[in-house]
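Residue numbers (our numbering): 1 to 437.
Set out below in structure tokens:
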């Protein structure tokens, strides 16, 4: 249930950011009108808070407090820092599309000739008509998506033609170089019928980037018979806030493999909305949160079975140390006509300290009668008997714990189809384990 509250100082900060951005946001006419309407929708609630059910466990009014001014367009110094960050975080063999402080930078990118790529800014500025304005509209009602539509500075619009199999993964890399600024981006990707592709989204911080806020939205359409692996790797600065929305619509007989890993940032939330619009499609969604200190990591997935004969599997793991807080909210919706739906969801949390916290909230909303659906949730500590077994064979306690934690998250990581990305996720988990004292 959404409850509108009276305005507070937080919406006022957002209003100042919106007013200050006037004149530099791309698009006029209908596009500008859509932005204004989106901001008014955001203002009706302001930053999401605990009295909004979908944000009950991630109260941005407390965790984020203010909407910071938009980051300035990157200058030569910022681009140099971004280039250095790319060298440190590069993934070998991907077609890179680089966004620096919310602006697409072709000179740092390496687009694949097999795909079409335009910047969202270019599209909105040169084609400011009714159809282009729709790029800022989604069917999802969410305060952060509304704020994203109002303030998005740039992004990429990518098209993959029917029947094309991409040899290289598409990688959108968001590089932050700013301090105490907002980075707001929106991208659209359309995968044609029968196409096959891997799409990677990475968030990294350059030297000097701190205290920034990311609000990103990715809207994906998957054609009939297409196959897409979508991998998200979030490694922001330790004091950053990152809220990302993924809206995926799948045609008939589509195959989707989704993986999300969060290991950085002070506050993060990935909210995914997957809709089956064609029969016979399948979704496998896996995720891992690795949190320590006072980190807050939220994964929220809503899978909408709008048509019959579709399958969804969700498997989420969280490892939580110190005073960190992990949230998993999963909802499977089965519409009245979605007979023969097969949906299952499982979430497990591993608590490594007495002060670590996990909130798991799996939900089923079923309006059809011939379906197979289920969910489960567990939370607990490392198995003492397994620890004793490993220590009895000479392993120090930390190494024994690390071995069990690797096995715990490994089940989700193994579902990443691309070997290079799978090894990267494993290496990220190993680095996180090495930081444990």
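Just so you know, even glycine gets a beta-carbon here, dropped at the ideal spot from N, CA and C.
Return the Cβ separation of residue i and residue j in integer angstroms, given the expectation that the two are a contact with Cβ distance under 8 Å.
| i | j | result |
| --- | --- | --- |
| residue 187 | residue 156 | 5 Å |
| residue 126 | residue 160 | That belief does not hold up - the Cβ atoms of residue 126 and residue 160 are roughly 22 Å apart, past 8 Å. |
| residue 91 | residue 424 | 6 Å |
| residue 242 | residue 276 | That pair is no contact at about 27 Å. |
| residue 359 | residue 307 | Contact flag wrong, Cβ pair sits at about 31 Å. |
| residue 183 | residue 71 | 5 Å |
| residue 64 | residue 213 | 7 Å |
| residue 144 | residue 215 | 6 Å |
| residue 198 | residue 229 | 4 Å |
Please name the residue, chosen from the options, that lies closest to residue i on a Cα-to-Cα basis.
| i | options | result |
| --- | --- | --- |
| residue 103 | 89, 93, 94, 82 | 82 |
| residue 110 | 368, 96, 275, 342 | 96 |
| residue 207 | 101, 340, 315, 33 | 101 |
| residue 121 | 91, 135, 318 | 135 |
| residue 313 | 284, 239, 294 | 284 |
| residue 33 | 123, 149, 68, 72 | 149 |
| residue 337 | 370, 173, 296 | 370 |
| residue 17 | 137, 41, 147 | 147 |
| residue 274 | 411, 247, 331 | 247 |
| residue 239 | 193, 154, 294, 258 | 294 |
| residue 354 | 320, 118, 38 | 320 |
| residue 193 | 69, 409, 408, 281 | 281 |
| residue 93 | 261, 50, 35, 166 | 166 |
| residue 234 | 250, 279, 297, 223 | 297 |
| residue 73 | 57, 85, 175, 59 | 175 |
| residue 60 | 14, 28, 410 | 14 |
| residue 379 | 394, 290, 357 | 357 |
| residue 412 | 348, 387, 373, 163 | 348 |
| residue 419 | 168, 343, 88 | 168 |
| residue 119 | 399, 158, 87, 381 | 158 |
| residue 164 | 171, 201, 224 | 224 |
In this structure, does DSSP put residue i in helix, strand or coil?
| i | result |
| --- | --- |
| residue 107 | helix |
| residue 230 | strand |
| residue 144 | helix |
| residue 62 | helix |
| residue 282 | strand |
| residue 263 | coil |
| residue 34 | helix |
| residue 136 | helix |
| residue 291 | strand |
| residue 257 | strand |
| residue 113 | coil |
| residue 223 | coil |
| residue 118 | strand |
| residue 430 | helix |
| residue 151 | helix |
| residue 123 | helix |
| residue 21 | helix |
| residue 277 | coil |
| residue 269 | strand |
| residue 331 | strand |
| residue 14 | helix |
| residue 41 | helix |
| residue 435 | coil |
How would you label residue i, buried or exposed, when you count the other beta carbons within 10 angstroms and need 16 or more for buried?
| i | result |
| --- | --- |
| residue 106 | exposed |
| residue 269 | buried |
| residue 5 | Its pLDDT being 43, under 50, residue 5 is placed unreliably by the model, and the measurement read from it follows with that caveat. By the neighbour-count rule (16 or more Cβ atoms within 10 Å), residue 5 is not buried but exposed. |
| residue 43 | buried |
| residue 26 | buried |
| residue 232 | buried |
| residue 62 | exposed |
| residue 431 | exposed |
| residue 427 | exposed |
| residue 1 | Per-residue confidence for residue 1 stands at a pLDDT of 40, beneath the threshold of 50, marking its modelled position as unreliable; the derived number appears in the next sentence. So residue 1 ends up on the exposed side. |
| residue 141 | exposed |
| residue 112 | buried |
| residue 267 | buried |
| residue 45 | buried |
| residue 287 | buried |
| residue 3 | Only weak support is given to the placement of residue 3: the predicted model assigns it a pLDDT of 39, under 50, and the value that follows is read from those uncertain coordinates. Under this definition residue 3 is an exposed residue. |
| residue 304 | buried |
| residue 98 | buried |
| residue 330 | buried |
| residue 385 | exposed |
| residue 257 | buried |
Exercise. Quick one: which unbroken beta strand (DSSP E) runs of 3-plus residues sit fully inside the segment 156 to 220? Chain order, please.
Key: 156 to 160, 170 to 176, 182 to 191, 196 to 205
Quiz prompt | Runs of alpha helix (DSSP H) wholly within the segment 349 to 427 (minimum 4 residues, chain order) | solution = 384 to 391, 397 to 413
Practice problem: Tell me the start and end of each unbroken alpha helix (DSSP H) in the segment 70 to 96 that is at least 4 residues and wholly inside, in chain order. | Solution: 76 to 89
Practice problem: Ignoring anything shorter than 3 residues or poking outside the segment 294 to 327, list the beta strand (DSSP E) runs there in chain order. | Solution: 296 to 305, 311 to 320
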